[in-house]
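Protein sequence lines correspond, in order, to chains A and B.
Take the first sequence: its position 49, counting from 1, is numbered 49 in our numbering, and each next residue is one higher.
With the second sequence counted from 1, adding 247 to any position gets you our numbering.
2 protein chains.
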Amino acid sequence: MATAEAPFAPLRRMPAYKAVSAAIERRILDGGLRPGDPLPPEQQLAEQFRVNRSTVREAVRQLEQEGLVVRGAGRRLLVALPGVHDLAPRTTRALVLQQVTFDELWQVAMVLEPQAARMAAGNRDAGDIARLEANVAAMAAAVKGGASYTELDVDFHAGIALASHNRVLILAREPVSLLFRPTLDRIRRVLPQADRRNLEAHRKILAAVANQDADAAEAWTRKHFVDFQRGFLMAGLGPDQPLHWEA
Amino acid sequence: MATAEAPFAPLRRMPAYKAVSAAIERRILDGGLRPGDPLPPEQQLAEQFRVNRSTVREAVRQLEQEGLVVRGAGRRLLVALPGVHDLAPRTTRALVLQQVTFDELWQVAMVLEPQAARMAAGNRDAGDIARLEANVAAMAAAVKGGASYTELDVDFHAGIALASHNRVLILAREPVSLLFRPTLDRIRRVLPQADRRNLEAHRKILAAVANQDADAAEAWTRKHFVDFQRGFLMAGLGPDQPLHWEA
DNA sequence: CTTTGTCTGATTGTCCGACAAACGCGCGAA
DNA sequence: TTCGCGCGTTTGTCGGACAATCAGACAAAG
Numbered sequence: 001m002a003t004a005e006a007p008f009a010p011l012r013r014m015p016a017y018k019a020v021s022a023a024i025e026r027r028i029l030d031g032g033l034r035p036g037d038p039l040p041p042e043q044q045l046a047e048q049f050r051v052n053r054s055t056v057r058e059a060v061r062q063l064e065q066e067g068l069v070v071r072g073a074g075r076r077l078l079v080a081l082p083g084v085h086d087l088a089p090r091t092t093r094a095l096v097l098q099q100v101t102f103d104e105l106w107q108v109a110m111v112l113e114p115q116a117a118r119m120a121a122g123n124r125d126a127g128d129i130a131r132l133e134a135n136v137a138a139m140a141a142a143v144k145g146g147a148s149y150t151e152l153d154v155d156f157h158a159g160i161a162l163a164s165h166n167r168v169l170i171l172a173r174e175p176v177s178l179l180f181r182p183t184l185d186r187i188r189r190v191l192p193q194a195d196r197r198n199l200e201a202h203r204k205i206l207a208a209v210a211n212q213d214a215d216a217a218e219a220w221t222r223k224h225f226v227d228f229q230r231g232f233l234m235a236g237l238g239p240d241q242p243l244h245w246e247a
Numbered sequence: 248m249a250t251a252e253a254p255f256a257p258l259r260r261m262p263a264y265k266a267v268s269a270a271i272e273r274r275i276l277d278g279g280l281r282p283g284d285p286l287p288p289e290q291q292l293a294e295q296f297r298v299n300r301s302t303v304r305e306a307v308r309q310l311e312q313e314g315l316v317v318r319g320a321g322r323r324l325l326v327a328l329p330g331v332h333d334l335a336p337r338t339t340r341a342l343v344l345q346q347v348t349f350d351e352l353w354q355v356a357m358v359l360e361p362q363a364a365r366m367a368a369g370n371r372d373a374g375d376i377a378r379l380e381a382n383v384a385a386m387a388a389a390v391k392g393g394a395s396y397t398e399l400d401v402d403f404h405a406g407i408a409l410a411s412h413n414r415v416l417i418l419a420r421e422p423v424s425l426l427f428r429p430t431l432d433r434i435r436r437v438l439p440q441a442d443r444r445n446l447e448a449h450r451k452i453l454a455a456v457a458n459q460d461a462d463a464a465e466a467w468t469r470k471h472f473v474d475f476q477r478g479f480l481m482a483g484l485g486p487d488q489p490l491h492w493e494a
């Protein structure tokens, strides 16, 4: 056995590229650099930090990946604020790698989605309704034409979440929704007769949200997701099996 | 007015470093590289992809940031599967930058946390209970000694989520929980008399979870969070103001 | 006056070569 | 067995270099 109580913390030296990215990140976090601001050119950053440009580049790659900076017009680096679009896919990927099951996913959706509908009924504005109506119309056309509406289905629920105007909910819900897409696709192929039922559910939910009827919106959404689970089981998929991605 | 309908999509070429990172990422996603596997050295990767080592480095930085690869013993790069610990902080940061309000956050927590408690009551095992009991004991000591127990408080709720054994829930909940920490700290400084009440709430929740009483677990948790909101208001904080980070 | 061609400077993407530090491993000594 | 010591390997960092691309200015053509 070693020393009874470690007298020293395991000191770690930060590589320069990490130190640089951390420094820039801090500057963004504490408001020193605001979204939209251009970042100094790589050469200049290298001079300021007293490191090589290659090191700066490695640092910038990290920030870029996090969505904290983006390459704008020209190629100048711009400070940005990360949104759903760069966070959700990574979270979704993590869930796939963790081999989560349908049950785990569904249980969470079963809580988030009805609540999203409820809040949407309270906070929706005219733009939200227009967007959702367009979505439902497109989905009706797709169902009639026998085309795949999986994208539209996912979009509808994303639209409901948007209408809630709760950014935390939007962010929390998105990965779950994305992960349902392949499953939704498989169910649809096995049970095409569910199409009209899904469309009708969306119509009911939208109507409730438009009428600001929170209870109805929540109830219809809950029913919609129970239906979804039933479809999953009827399609012969195992609720304890890891979900597939791009199956 | 320009052309009625743009005949060409804006074509974009992928930089080499991005192509490389995408290639490695695909290999991990489709199982060609399993978590724990070592990645070839940078030099070899450079030769295989026919690019310079600097380019490989920039690519690796991206994967590193995503948690898909980690520097293991030695410096060799290992394939890893991203967990809560590298995703939640980034999501939390995004929420801070978006300047979400307490209300937005609380509304989501108000849905997720009671559900977490409910599911914990159904799925908890002996280890979960032991962990939570240790946490409550530590918190009791901290309260008695007047020390700060904010970390322990956050840990308790994380422990409840862990006991649910639902990885989606764990992942979805974590960023919300992290974001509450600074707020929790401020409330505690203003309302130290709430300490015992919080401790008691945790005891009640833990007891319900241990007894597999899902209804009680959910109810107590809900009450706990309503209390939290009341504390927030009594502390004179504005529910519509953006939350601070490290206030 | 609007469109097009061209130049220039700035900046990024990529490459090359190089070196010190840190690490893993095996070998020999205590 | 354990400890310490080289040794090859791999990473972290550096310097310099060049082509491609972009913004902006400016002149030529319509």
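Backbone N, C-alpha and C define an ideal beta-carbon position, used for all residues, glycine too.
* Residue-level contact to chain B via CB, R124 (chain A), 8 Å cutoff -> no
* **Limits of the unbroken beta strand (DSSP E) element including L77 (chain A)** => 77-79
* To do: Could you check what DSSP says for P489 (chain B) in three-state terms: helix, strand or coil?
  => strand
* **Through-space distance from M386 (chain B) to Q476 (chain B), alpha-carbon basis** => Each residue's alpha carbon lies about 21 Å from the other.
* Could you give the DSSP three-state label for P282 (chain B): helix, strand or coil? => coil
* **Listed by chain order, chain B residues near T91 (chain A) by CB distance under 8 Å** => L334, T338, L418
* How would you call A251 (chain B), buried or exposed, if buried means at least 16 neighbouring beta carbons within 10 angstroms? -> Caution is warranted here: a pLDDT of 44 is assigned to A251 (chain B), below 50, making its placement in the model unreliable, and no coordinate value can be reported.
* Could you check if V226 (chain A) is buried or exposed, using at least 16 other CB atoms within 10 Å of its CB as the buried criterion? => exposed
* **Coarse secondary structure for V111 (chain A), derived from DSSP in three states** => V111 (chain A) falls in the helix class under three-state DSSP.
* Continuous beta strand (DSSP E) stretch holding V347 (chain B): start and end -> First-last for V347 (chain B): undefined, no H or E at that position.
* To do: Would you kindly work out how many angstroms separate the C-alpha atoms of D103 (chain A) and R304 (chain B), rounded to a whole number?
  => 39 Å
* Asked: So D432 (chain B) packs on T397 (chain B), CB below 8 Å; how close in whole Å?
  -> 5 Å
* To do: Identify which residue in B:N299, B:P262, B:A266, B:V317 has its Cα closest to the Cα of R75 (chain A).
  => Of the residues B:N299, B:P262, B:A266, B:V317, the one whose Cα lies closest to the Cα of R75 (chain A) is B:P262.
* Quickly, what does DSSP pair R318 (chain B) with across the bridge? List them, please. => B:L324
* **Span of the alpha helix (DSSP H), counted from its first residue to its last, around H165 (chain A)** => From DSSP, H165 (chain A) is part of no alpha helix (DSSP H); its letter is neither H nor E.
* To do: Measure the C-alpha to C-alpha separation of A94 (chain A) and R340 (chain B) and round it to an integer number of angstroms.
  => Near 18 Å, if we compare the C-alpha coordinates of R340 (chain B) and A94 (chain A).
* To do: Mark H244 (chain A) as exposed unless 16 or more other C-beta atoms lie within 10 angstroms of its C-beta, in which case mark it buried.
  => exposed
* Straight-line CA distance for E218 (chain A) to S177 (chain A)? -> Across the structure, E218 (chain A) and S177 (chain A) are spaced so that their CA atoms are roughly 17 Å apart.
* Asked: So does the segment 154-163 of chain A actually touch the segment 344-359 of chain B, counting three or more Cβ pairs closer than 8 Å?
  -> no
* Asked: From I452 (chain B) to A419 (chain B), what does the alpha carbon distance come to, in whole angstroms?
  -> 21 Å
* So is D128 (chain A) buried or exposed if we call it buried at 16+ other beta carbons inside 10 Å? -> Buried.
* Shorter than 8 Å from the beta carbon of V209 (chain A) to some beta carbon of chain B? -> no
* Check whether the Cβ atoms of G32 (chain A) and L78 (chain A) lie closer than 8 Å to each other. => no
* Asked: What residues in the segment 55-69 of chain A bring their beta carbon closer than 9 Å to a beta carbon of chain B?
  -> R57, E58, A59, V60, R61, Q62, L63, E64, Q65, E66, G67, L68
* Rounded separation between S301 (chain B) and R259 (chain B) - CA only -> A straight line joining the alpha-carbon of S301 (chain B) with that of R259 (chain B) spans about 22 Å.
* To do: Taking L68 (chain A) and A80 (chain A) to be in contact with their CB atoms under 8 Å, please state how far apart those CB atoms are, rounded to whole angstroms.
  => 7 Å
* Does the distance from the C-beta atom of L352 (chain B) to that of L416 (chain B) stay below 8 Å? -> no
* To do: Please decide whether N166 (chain A) counts as near chain B, where near means a Cβ-Cβ distance under 8 Å.
  => yes
* Roughly how many whole angstroms lie between the Cα atoms of A46 (chain A) and I24 (chain A)? -> 12 Å
* Asked: Leaving out five residues before and five after A266 (chain B) in sequence, what residues of the same chain have Cβ atoms less than 6 Å from its Cβ?
  -> none
* Which residue comes first and which comes last in the alpha helix (DSSP H) that contains S301 (chain B)? -> 300-313
* Determine the extent of the alpha helix (DSSP H) in which G83 (chain A) is found, giving its start and end residues. => Premise fails: G83 (chain A) is in no alpha helix (DSSP H) and is neither H nor E.
* To do: Look at the alpha carbon of N445 (chain B) and the alpha carbon of H471 (chain B), and state the distance between them as a whole number of angstroms.
  => 7 Å
* **Straight-line gap, Y17 (chain A) to L438 (chain B) (C-alpha atoms, nearest Å)** => CA-to-CA, the gap between Y17 (chain A) and L438 (chain B) works out to about 43 Å.
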